[in-house]
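Okay, so here's the structure we're looking at.
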Amino acid sequence: MVGAKFQKNEWRWVFLYAGFLAILISIPYLVAFSSQTPAYAFGGGLIGIDDNNTYLAKMNQGALGAGLFTLPYSSEPQNGTPIYWFYLLLGKISGTDFTNRLIVFHLARSIFGVILTLTTYQFLAEFLPLVNHRRLALMITTIGGGLGWVLIIFGDQLGSGPPPLEFYSPEAFSFLMLLTYPHLLLARSLMLFALQAFLNQRYIGSGISLIFLSLIQPVDVIIVWLIIGLFSIITFVSKNHFSRSGLWEELKPILLIGLISGPPLLYFEYLFISDPILKQWSAQNVIVSPSPIHFLAAYGLYLVFAIPGLRSLKLIRPDLWRLSLAWIFLIPILIYIPIGFQRRLIEGFQVLLTALAILGLSLLRLHYKKIISVLTLTLLIPSSLMLFIGTVQSAARVTEPSFHSADKISAFDWLNENSQPKQIVLSSYLTGNILPAYTSLTPFIGHSVETLFFDQKLKKVVSFYQSSTSDDERLRLIEEEQIDYVFYGPDERNLGDLDPSKLAYLLKRFEQGEYAIYQVMPK
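Take -18 as the starting number for the sequence shown in our numbering and just add one per residue.
Here it is, written out as structure tokens:
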């Protein structure tokens, strides 16, 4: 196998482009920080805000000294688990100040975005010997989307279905990943590095990178295992002569990588099977794939050129052809296999398709190549452009949920100063989603996945804030769930017509603007 070769000063352009991209994806967040007013502060997220708050909550755990992770949105007693070390570590770096936490989070996103850009270029270079092809592929991979914008324009998303993949699945497209979560950026970098190390017979390096990958995004390790496993099968079969020695030659790298990277992954799997808290969390963490039409809209244009590119790759780099064939064969199975994290198994596929598509485009005659290349790039940009403009607009619009009122933050500050860590707060979902990012307390509900038995708890919360609910029912909830505080603000008023000040077992301890906090009185 022959690895990619680089020209002198080739990396200078890549570093400049990575820097430009880091500035570009920071613009919405810089706009958000500059849009803050004395009445409203930026909460840190512009896309996938509910999930963004969970990562800030994990950082808060680290800042408060946690060495092991516990679900910040579940009130059940928990043993700490050695996962999410990435955000616990970021929290220890940032400290307890919320603004510092946001700065560290977004600095990490920018830094790991640069690392992913460099790693992606190196991976693309394995497929593309020409520098201008590598540059074009990098631009498409990092700022390109699919044809989801067509679905939006023609009204496919006016119903209740999910939006196109470009707008909500960072595993599917790099641009959305660059705009959102730093741990996914690092995970993609490790995944691509592991695959490239395997191709270049650096099996120990591949296995070690998978160890780190298992600590961040274990599901990506499974993708790599499956790809290199099927790659080895294709390699063995393509030799047209079967022997024990030939089979052993193909098995040795897989076994070595598996022995290095397998133990941590198996340990985490054991934790999620044996721990009832983690088991329930896993059962709720269902991320299913959308309809095939959405995947076709996302990747159809890539496939038009990737298929001829795949054929040409067989003559240029047979090893890459086998890897690509294995990956392409696996994807339709992985994204619809009956498991809870289907959609995540598309991770990294855009990078492969882009490399193959550029190869396919290079086969065209020069005159058509330029026209079609420009046309293709033009068709792949609108989704990312729409996403970027929408994010900037959200950053400039100083409203919930991206921004939080000064009165709400004052309520959170009061809780931090006048309560004990891990005490339980009853509130609306929206309040509960923010609470552990700012405080050391635990919301009764706050996230559809990380709040265990979420549906049952949500019904109890809605019932609590109804004036028609009896005091016996409320007291039963307070006692059974060990509620310490009841939060009351605009979101809670939207749940029902309860007036907490009229309840003898609740004592108002804080009031500012539209927000009040009631402490549960002991019997």
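Ideal placement from N, C-alpha and C gives every residue a C-beta, glycine not left out.
Counted within 10 angstroms of its Cβ, other Cβ atoms place residue i as buried (16 or more) or exposed
i: Gly527; result: There is simply no residue 527 to check, as the chain begins at -18 and stops at 504 in what is shown.
i: Lys489; result: exposed
i: Arg303; result: buried
i: Asp465; result: buried
i: Ser506; result: As displayed, the chain neither begins before -18 nor continues past 504, which places residue 506 out of reach and without an answer.
i: Val(-5); result: buried
i: Lys350; result: exposed
i: Gly321; result: exposed
i: Gln42; result: buried
i: Tyr446; result: buried
i: Leu139; result: Annotation note: pLDDT 44 at Leu139 (below 50); position unreliable, coordinate value reported separately. With fewer than 16 Cβ atoms within 10 Å of its Cβ, Leu139 is classed as exposed.
i: Gln(-12); result: exposed
i: Lys504; result: exposed
i: Asp453; result: exposed
i: Gly188; result: buried
i: Phe135; result: exposed
i: Thr412; result: buried
i: Pro271; result: buried
i: Arg298; result: buried
i: Leu111; result: exposed
i: Trp27; result: The sequence shown places Leu at residue 27, not Trp. Leu27 should be labelled buried.
i: Gly48; result: exposed
i: Phe79; result: buried
i: Ile274; result: exposed
i: Pro313; result: exposed
i: Leu236; result: exposed
i: Phe330; result: buried
i: Ser150; result: buried
i: Asn(-10); result: exposed
i: Tyr54; result: buried
i: Trp229; result: exposed
i: Asn414; result: buried
CA nearest to the CA of residue i, picked from the options
i: Ser56; options: Leu366, Gln404, Val467; result: Gln404
i: Ser444; options: Glu460, Pro471, Ser429, Ser409; result: Ser409
i: Ala178; options: Pro199, Ile238, Asp32, Leu211; result: Ile238
i: Phe156; options: Asp394, Ser91, Ser16, Lys295; result: Ser91
i: Ala418; options: His275, Ile353, Met172, Ala38; result: Ala38
i: Gln265; options: Leu433, Phe154, Leu411; result: Leu433
i: Phe435; options: Val379, Lys483, Gln261; result: Gln261
i: Asp333; options: Ile353, Ile96, Leu109, Ile235; result: Note that residue 333 corresponds to Leu in the displayed sequence, not to Asp. Cα-wise, what sits closest to Leu333 is Leu109.
i: Ala168; options: Arg325, Val267, Leu361; result: Arg325
i: Ser375; options: Ile30, Arg(-7), Ala(-1); result: Ile30
i: Phe86; options: Met40, Pro9, Ile204; result: Met40
i: Ser170; options: Pro257, Arg183, Glu152; result: Glu152
i: Ser242; options: Val269, Gly186, Asp256, Leu296; result: Gly186
i: Leu52; options: Ala44, Gly61, Gly46; result: Gly61
i: Gly477; options: Ala392, Ser449, Val95, Ala(-15); result: Ser449
i: Thr77; options: Val379, Glu147, Ser421, Lys440; result: Ser421
i: Val430; options: Gly0, Thr35, Phe14; result: Thr35
i: Ser364; options: Asp300, Ala279, Leu207; result: Ala279
i: Ile258; options: Phe50, Lys220, Ile4; result: Phe50
i: Ile96; options: Leu296, His114, Leu159; result: Leu159
i: Thr98; options: His114, Leu2, Ala89; result: Leu2
i: Pro145; options: Phe193, Phe276, Asn414, Phe393; result: Phe276
i: Leu207; options: Thr18, Trp308, Leu(-3); result: Trp308
i: Phe14; options: Ala377, Lys295, Leu128; result: Ala377
In DSSP terms, what residue i is bridged to
i: Ile498; result: Phe468, Phe491
i: Ala22; result: His385
i: Thr62; result: Phe50
Ordered list of alpha helix (DSSP H) runs contained in the region 406 to 485, each at least 4 residues
Here the runs fully enclosed are 410 to 419, 435 to 445, 452 to 462, 471 to 474.
Measuring CB atoms only, is the region 491 to 501 touching the region 468 to 482, in the sense that at least three cross pairs come out at less than 8 Å?
yes
Can we say the region 352 to 361 touches the region 117 to 127, given the rule of at least three CB pairs closer than 8 Å?
Output reads yes: the region 117 to 127 touches the region 352 to 361.
Would you mind listing the beta strand (DSSP E) stretches within the region 157 to 228 that are 3+ residues and don't spill past its ends, in chain order?
Correct list: empty.
Any contact between the region 448 to 464 and the region 359 to 372? By contact I mean 3 or more CB pairs, one from each, below 8 Å.
no
Alpha helix (DSSP H) segments (min. 4 residues) lying fully within the region 285 to 336:
299 to 315
Could you tell me whether the region 197 to 217 touches the region 165 to 181, using the rule of 3 or more Cβ pairs below 8 Å?
yes
Determine, using beta-carbon pairs with one atom in the region 60 to 70 and one in the region 373 to 390, whether at least three such pairs fall under 8 Å.
no
Determine contact between the region 331 to 348 and the region 279 to 296, defined as no fewer than three beta-carbon pairs at a distance below 8 Å.
yes
Output the residue ranges of the beta strand (DSSP E) runs that lie fully inside the region -5 to 43 and measure 3 residues or longer, sorted by chain position.
The qualifying runs are 21 to 23.
Let me know the alpha helix (DSSP H) ranges lying completely inside the region 90 to 134, each 4 residues or longer, listed in chain order.
112 to 124, 129 to 134
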